[in-house]
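Down below is the structure, laid out as structure tokens.
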Amino acid sequence: MISLTLPAPAKINLTLDILGARPDGYHEMEMVMQSVSLCDTIRLDLGFAGGVRASSGLQFLPNDKDNLAVAAALAFRKATGQTWRDLLITIEKRIPVCAGTAGGSSDAAAVLRGLNELTDAGLSPQALAKIGEEVGSDVPYCVLGTTALAGGRGEALTPLSPLPPCWIVLCKPRFSISTPALFRAWDRGKRRLRPDTKGILLALEAGDLVEVTRRMFNVFEGVLLPTQQREIESIKTALLTAGALGAAMSGSGPTVFGVFREKALAESAVALLREDYEEVFLTEPLSGPLPALRET
Ligand code: C5P
114 MISLTLPAPA KINLTLDILG ARPDGYHEME MVMQSVSLCD TIRLDLGFAG
164 GVRASSGLQF LPNDKDNLAV AAALAFRKAT GQTWRDLLIT IEKRIPVCAG
214 TAGGSSDAAA VLRGLNELTD AGLSPQALAK IGEEVGSDVP YCVLGTTALA
264 GGRGEALTPL SPLPPCWIVL CKPRFSISTP ALFRAWDRGK RRLRPDTKGI
314 LLALEAGDLV EVTRRMFNVF EGVLLPTQQR EIESIKTALL TAGALGAAMS
364 GSGPTVFGVF REKALAESAV ALLREDYEEV FLTEPLSGPL PALRET
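First residue of the sequence shown? That's 114 in my numbering, and the numbers climb one at a time after it.
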């Protein structure tokens, strides 16, 4: 048996825009994505008897191919033509589940990167991202990280200048949102506000944190149910009152994030939000290549 442990970082959407519905049932996206330091930990034990399966100790996470991490392992084996039978994927979960922060997609991406290493397959990150496409729309981004513009279904990636150093507070409200239902609500809804994607790309290039945070926006916020919208707004207001430069919902929600220049302000926002919410995290943006793999 050979083993490897590696981190699977969460992501936030600095912007999320939808350009239109596509004939294949997906939507054409334009998103500025950012990896953050909040990570799940993935351990791969290749050759551990019992077939390909996941273990997380969490009842609500599937252990079979319905878990994106297992789906990624099966997709990797098929794409490489490898013949191994047994793989145990142990997931230590920290990223909130079904929360718009790509927890499942990042676990899947870590499995692809890890298996590439463990089996000496020698695939490029781009080839791994391509395998990830069939697992989920956010998986290719999670393979490559760290600051990127995502187009197409989410798989057309352009690396961007890093987000300037800052502190990012994540807060997950108690409700969950179904991603397909949110896309259907967007299909039915009126097109109102849109993010200034060009402007945020220029602000990133200039390394101007204030201009970046002014342009953070997610079109899904406009199609939430009124009760959900009220809760998102109240978390954003709490973050801004605590000194955030900007705040927005991430992905298909419901996680809300605020960007702070000062660590002390971010810490006080965390303390305040923890009075009302269980899942509140202080994170930093990741830059450069995704964290190195750790041999065990
Ligand atoms: O690709 P993934 O499995 O993450 O997508 C989940 C669902 O989200 C899809 O079945 C589709 O309904 C919706 N989706 C979409 N357009 C995208 C990505 C996802 O409509 N670009």
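Beta carbons are placed, not taken as given, at the ideal position from N, Cα and C, and that holds for glycine.
At the level of alpha carbons, what is the spacing between proline 122 and proline 275? Their backbone Cα atoms lie some 16 Å apart in a straight line.
Out of curiosity, what's the CA-to-CA distance linking isoleucine 155 and valine 224? In this structure, the alpha-carbon of isoleucine 155 lies about 7 Å from that of valine 224.
Could you please give me the residues that DSSP links to threonine 271 through a beta bridge? Beta-bridge pairing links threonine 271 to Leu262.
Going by beta-carbon coordinates alone, are methionine 142 and lysine 124 separated by less than 7 Å? Going by C-beta atoms, methionine 142 is not nearer than 7 Å to lysine 124.
Is tyrosine 254 near the ligand C5P - that is, is its Cβ less than 6 Å away from at least one heavy atom of it? Checking every heavy atom of the ligand C5P against the Cβ of tyrosine 254, none is found closer than 6 Å.
Given that a residue counts as buried once 16 or more other Cβ atoms are within 10 Å of its Cβ, and exposed if not, what is glutamine 172? Counting the other Cβ atoms within 10 Å of the Cβ of glutamine 172 gives fewer than 16, which makes it exposed.
Ends of the alpha helix (DSSP H) at valine 248? Counting along the chain, valine 248 sits inside no alpha helix (DSSP H), nor does DSSP assign it H or E at all.
Enclosing alpha helix (DSSP H) for phenylalanine 296 [first to last residue]: Taken as a continuous stretch (DSSP letters only), the alpha helix (DSSP H) holding phenylalanine 296 covers 292-301.
Counting pairs of Cβ atoms below 8 Å between the stretch 204-219 and the stretch 362-375, do you hit three or more? Touching, yes, given that three or more Cβ pairs across the two stretches are closer than 8 Å.
Among Phe394, Leu127, Ser116 and Arg226, whose alpha-carbon lies nearest the alpha-carbon of alanine 263? Alanine 263 has its Cα closest to that of Leu127, out of Phe394, Leu127, Ser116 and Arg226.
With burial defined as no fewer than 16 other Cβ atoms inside 10 Å of the residue's Cβ, what is the status of tyrosine 254: buried or exposed? For tyrosine 254, the number of other beta carbons within 10 angstroms of its own is at least 16, and it is reported as buried.
I need the boundaries of the alpha helix (DSSP H) containing aspartate 220, first residue and last residue. Per DSSP, aspartate 220 belongs to the alpha helix (DSSP H) from 216-231.
On the criterion of 16 or more Cβ atoms from any shown chain inside 10 Å, does proline 136 qualify as buried, or is it exposed? It is exposed - the Cβ of proline 136 has fewer than 16 other Cβ atoms within 10 Å.
Between the alpha carbons of proline 402 and tyrosine 390, how many angstroms are there, rounded? Using only the alpha carbons, I get a separation of about 32 Å.
Own chain partners of arginine 328 with C-beta closer than 6 Å, once the 5 adjacent residues on each side are dropped: Cβ neighbours of arginine 328 beyond the five flanking positions: Asp309, Gly312 and Ile313.
Give the secondary structure of glutamate 205 by DSSP, where H, G and I count as helix, E and B as strand, and everything else as coil. The answer is strand: DSSP assigns glutamate 205 an E or B state.
Determine the burial state of threonine 340: buried for a count of at least 16 other Cβ atoms within 10 Å of its Cβ, exposed for fewer. Answer is exposed; the Cβ neighbour count stays below 16.
Please classify alanine 182: does DSSP put it in a helix, a strand, or coil? If DSSP states are grouped into helix, strand and coil, alanine 182 belongs with the helices.
So, leucine 358 versus threonine 326, is the Cβ gap smaller than 7 Å? For the pair leucine 358 and threonine 326, the CB atoms are nearer than the 7 Å cut-off.
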